[in-house]
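Some notes on the structure that comes next.
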Amino acid sequence: MSLINEAKKYIVGGVNSPVRAFKSVGGEPPFIEKGEGAYIYDTEGNKYLDYIQSWGPLIFGHCDKTIEESICAAVSKGVSFGAPTKVEIELAKEVLDLFPHLDLIRFVNSGTEATMSAIRVARGVSGKDDIIKFEGCYHGHSDSLLVSAGSGAATFGTPSSPGVPADFTKHTLLAKYNDIESVKECFKKGNVGCVIIEPIAGNMSLVPAEKEFLQQLRELCNENGAILIFDEVMSGFRASLRGSYDIYGIEADMVTFGKVIGGGMPVGAFAGKREIMQQLSPEGPIYQAGTLSGNPVAMSAGLAMLKKLKSSPDIYKDLEAKAKKLMQGFEEISKENGIDIQTNVVGSMFGFFFNSIKPKNFDDVNKSDTKRYAKFHSEMLKRGFYFAPSAYETGFICTVMQESDIEATLEAYKEIAPGLK
Ligand SMILES: *Cc1c(COP(=O)(O)O)cnc(C)c1O
Numbered sequence: 027m028s029l030i031n032e033a034k035k036y037i038v039g040g041v042n043s044p045v046r047a048f049k050s051v052g053g054e055p056p057f058i059e060k061g062e063g064a065y066i067y068d069t070e071g072n073k074y075l076d077y078i079q080s081w082g083p084l085i086f087g088h089c090d091k092t093i094e095e096s097i098c099a100a101v102s103k104g105v106s107f108g109a110p111t112k113v114e115i116e117l118a119k120e121v122l123d124l125f126p127h128l129d130l131i132r133f134v135n136s137g138t139e140a141t142m143s144a145i146r147v148a149r150g151v152s153g154k155d156d157i158i159k160f161e162g163c164y165h166g167h168s169d170s171l172l173v174s175a176g177s178g179a180a181t182f183g184t185p186s187s188p189g190v191p192a193d194f195t196k197h198t199l200l201a202k203y204n205d206i207e208s209v210k211e212c213f214k215k216g217n218v219g220c221v222i223i224e225p226i227a228g229n230m231s232l233v234p235a236e237k238e239f240l241q242q243l244r245e246l247c248n249e250n251g252a253i254l255i256f257d258e259v260m261s262g263f264r265a266s267l268r269g270s271y272d273i274y275g276i277e278a279d280m281v282t283f284g285k286v287i288g289g290g291m292p293v294g295a296f297a298g299k300r301e302i303m304q305q306l307s308p309e310g311p312i313y314q315a316g317t318l319s320g321n322p323v324a325m326s327a328g329l330a331m332l333k334k335l336k337s338s339p340d341i342y343k344d345l346e347a348k349a350k351k352l353m354q355g356f357e358e359i360s361k362e363n364g365i366d367i368q369t370n371v372v373g374s375m376f377g378f379f380f381n382s383i384k385p386k387n388f389d390d391v392n393k394s395d396t397k398r399y400a401k402f403h404s405e406m407l408k409r410g411f412y413f414a415p416s417a418y419e420t421g422f423i424c425t426v427m428q429e430s431d432i433e434a435t436l437e438a439y440k441e442i443a444p445g446l447k
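The following block contains the structure:
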């Protein structure tokens with residue numbers, strides 16, 4: 027029996043996070059046995075060049091020695107205490123040092139927890155229940171964020187999953203990415219206490235925000251007394267060392283982190299200005315807690331990651347050059363084969379769309395040819411290239427990927443492109 031079928035007997039759908047099941051691209055997911063640098067190996071001994079990298083965290087690739095050693099050293103002292111440890115201070119300092127506009131941080135265990143808790147704080151501080159989110163942005167799976175648009179733009183959301191009461195989403199207004207007019211309408215419709223956005227959207231493949239749009243969003247929040255949350259769970263330490271802050275220079279009131287910040291271990295965090303964060307328990311009345319939050323093993327991995335990133339600030343240029351080489355190659359090969367493609371690169375993140383127009387928002391993204399993506403995915407996987415099993419995900423370059431890896435990927439794409447027509 028294949029492992030996925032065996033897994034399905036015990037684990038819902040055989041997976042512990044739905045995208046891993048390959049539903050949108052077809053085929054069976056390989057079960058991974060081990061990773062090594064830029065590669066992963068499945069249980070049947072097949073080797074793949076890994077463009078997913080655990081969905082972002084592994085910017086130095088698999089089994090990075092520095093991170094591995096920090097984890098082992100932490101484990102040998104005990105895996106969890108539920109009490110304060112020094113490594114939490116060290117990681118907090120490393121993160122906050124990067125952002126002059128963020129004073130205090132709290133660590134949690136996932137990106138979902140980070141955004142959920144940040145929104146609670148924002149609501150508590152502003153005293154207003156309504157929030158604005160953007161179509162196509164993903165902020166984890168908490169109730170008030172699992173919304174899809176009602177009829178027309180700028181409406182209150184309806185639950186996008188059974189099990190989420192409509193009452194829980196009636197405070198979530200949905201706006202259009204890169205469309206400031208839709209945000210203004212939302213502000214008119216609701217009593218908005220906070221706006222949450224991925225400043226570099228990585229969950230509708232990769233769609234960066236326009237700078238002017240983010241600037242206007244900042245101004246609108248100021249005018250309306252709303253707290254601006256940048257969800258940088260993916261883009262933080264990935265798009266550049268300081269995420270969107272290096273690229274746009276815009277200061278959010280709160281920022282959420284995840285993925286890279288844990289070096290591959292489960293870590294999330296939310297940070298903000300002092301006057302906001304001080305409202306959080308135990309300093310203030312807004313409650314949030316976690317048995318394993320600030321776990322010493324996870325914190326050690328994050329600390330090793332952050333230190334290594336800070337001591338090699340030039341990696342982002344190199345990562346971006348490689349991502350561009352890959353995307354430019356895809357464009358050229360697609361053109362030769364009469365395939366419409368659009369690409370985006372931000373630092374170590376890349377995204378491409380089988381689409382005749384360059385997407386600026388979720389509506390545009392939805393016009394992409396997902397069947398063609400599914401074919402692309404399975405053909406590349408057969409040849410040893412592990413791309414995301416969904417057209418709506420971002421791809422990642424890691425530092426140990428070589429020029430020759432990119433070239434091999436382009437050779438494979440050249441081979442399969444005629445069949446994608
Ligand atoms: C991955 C992601 C999350 C959710 O993080 P989890 O660790 O999967 O809960 C939230 N926001 C963004 C932008 C993400 O990419």
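Per the numbering used here, the sequence shown starts with residue 27, numbered consecutively.
The C-beta atom is built at its ideal place from N, Cα and C for all residues, glycine as well.
Model, not experiment: these values are computed from the prediction.
For Glu62, the enclosing beta strand (DSSP E) stretches over residues Ile58 to Glu62.
Between Arg398 and Phe379, the C-beta spacing is not below 8 Å.
Three or more Cβ pairs drawn from the stretch 289 to 303 and the stretch 65 to 85 lie within less than 8 Å of each other, which places the two stretches in contact.
In terms of side-chain proximity, the C-beta atom of Tyr36 is found no nearer than 7 Å to any non-hydrogen atom of ligand 1. Residue state for Val147 is assigned as helix, using DSSP reduced to three classes. Between Ser187 and the set Lys202, Tyr203, Gly166 and Phe422, the nearest pair of CA atoms involves Gly166. Positions of the alpha helix (DSSP H) runs, each at least 4 residues long and wholly inside the stretch 215 to 285, are given as 237 to 250 and 270 to 274 in order along the chain. Closest in C-alpha terms to Glu301, from the list Ala64, His127, Gly445 and Gly104, comes His127. Taking the Cα positions, Leu446 is about 38 Å away from Asp169. With respect to the C-alpha of Leu122, the residue from Gln368, Thr282 and Asn387 having the closest C-alpha is Thr282. Counting every other CB atom within 10 Å of its CB across the protein chains shown gives Asn217 a total below 16, marking it as exposed.
Between Lys285 and Gly137, the C-beta spacing is below 8 Å.
Per the C-alpha coordinates, the member of Glu238, Lys299, Asp431 and Val45 positioned closest to Tyr274 is Glu238. Straight-line measurement puts the Cα of Cys89 at about 7 Å from the Cα of Gly61.
When distances are taken from the beta-carbon of Thr195 to the heavy atoms of ligand 1, even the shortest one reaches 7 Å or more.
Secondary structure remark: continuous beta strand (DSSP E) runs of at least 3 residues inside the stretch 349 to 380, in chain order: 368 to 372 and 375 to 379. Counting only residues of its own chain and dropping the five nearest sequence neighbours on each side, Lys210 has a CB closer than 8 Å to the CB of Leu246. Annotation for Gly166: no alpha helix (DSSP H) segment contains it, and DSSP assigns it neither H nor E.
Taking 7 Å as the cut-off, the C-beta of Thr198 does not count as close to any heavy atom of ligand 1. Cα atoms of Gly71 and Ser404: separation of roughly 18 Å, rounded to the nearest angstrom.
Listed in chain order, the alpha helix (DSSP H) runs fully inside the stretch 115 to 143 amount to none, counting runs of at least 4 residues. Excluding its 5 nearest sequence neighbours in each direction, Cys220 has C-beta neighbours in its own chain below 7 Å: Ile145, Ala148, Arg149, Ser152, Ile157, Ala252, Ile253 and Ile255, listed in chain order.
Take the alpha-carbon of Leu84 and the one of Lys351: they are about 20 Å apart.
The beta carbon of Leu171 lies closer than 6 Å to those of His165 in the same chain, with the five residues before and after it left out. Counted as a single uninterrupted DSSP element, the stretch harbouring Ala100 is not any beta strand (DSSP E) but the alpha helix (DSSP H) occupying residues Lys91 to Val101. Taking the CA atoms as reference points, Glu346 sits about 9 Å from Ser266.
The nearest non-hydrogen atom of ligand 1 is less than 7 Å from the C-beta of Ser136.
Taken through DSSP and simplified to helix, strand or coil, Ser430 comes out as helix. Judged by beta-carbon spacing, Leu75 lies within the 8 Å limit of Asp431, meaning their Cβ atoms are closer than that value. Ligand 1 approaches Tyr164 closely enough that one of its heavy atoms is under 7 Å from the residue's Cβ.
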